[in-house]
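Just so you know, this note's numbering puts 125 at position 13 of the sequence shown, and the rest follows in order with no gaps.
Cβ coordinates follow ideal geometry from the N, Cα and C atoms, glycine included.
Heads up, the thing below is written out as structure tokens.
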Amino acid sequence: MNKKKIYSLLGLATKALKVQSGEFSVEKTVKSGRGFLVLVAEDSSANTKKMFTNMCTFYEVPLYFFGTKSELGHAMGKEQRASLVLLDEGFAKSIMKQLDSIENGGSVDVKN
């Protein structure tokens, strides 16, 4: 259930122009300090995961491995996407809430 909510939030954020995707854009956004949350597809290469882990740790941006490339792309109405960054703190916090409840066994469903 929560996964659907995350994908719909990603769709809304995309329509609101609050999402950047693609390795280069995500990297640029994080390094400029405008990123609030980075999502990397679980089926991304080990290299991609390592690069984003190091970068997000250094710039102190939350990072989650979530979904597949095609699921992330589909949520944004695009082709496959291995990485994306949220440019809006509200969307980022809502998505992190959902992600955290999945990680905690899905038992926590926090309403806004």
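Could you pull out every residue in the same chain whose Cβ sits closer than 6 Å to the Cβ of residue i, ignoring the five residues on either side in sequence?
i    : result
F148 : L198, E201, A204
L151 : Y176, F178, L196
Please say whether residue j and residue i have beta carbons closer to each other than 7 Å?
i    : j    : result
T126 : M188 : yes
V173 : V131 : no
N114 : S213 : yes
Once the 5 residues before and after residue i are set aside, which same chain residues still bring their CB inside 7 Å of it?
i    : result
T169 : none
G145 : none
T180 : A153, E154, D155
F164 : V150, V152, L175, S195
M167 : E139, V142
L211 : I118, Y176, F178
Between residue i and residue j, how many whole angstroms is the CB-CB distance? I'm expecting something under 8 Å.
i    : j    : result
S133 : R193 : 5 Å
Which same chain residues, not among the five before or five after residue i, have their C-beta less than 8 Å away from its C-beta?
i    : result
N159 : none
H186 : Y119
(message) Suppose only complete runs of 3+ residues qualify. What are the beta strand (DSSP E) ranges in the region 160 to 210, listed by chain order?
(response) The qualifying runs are 175 to 177, 195 to 198.
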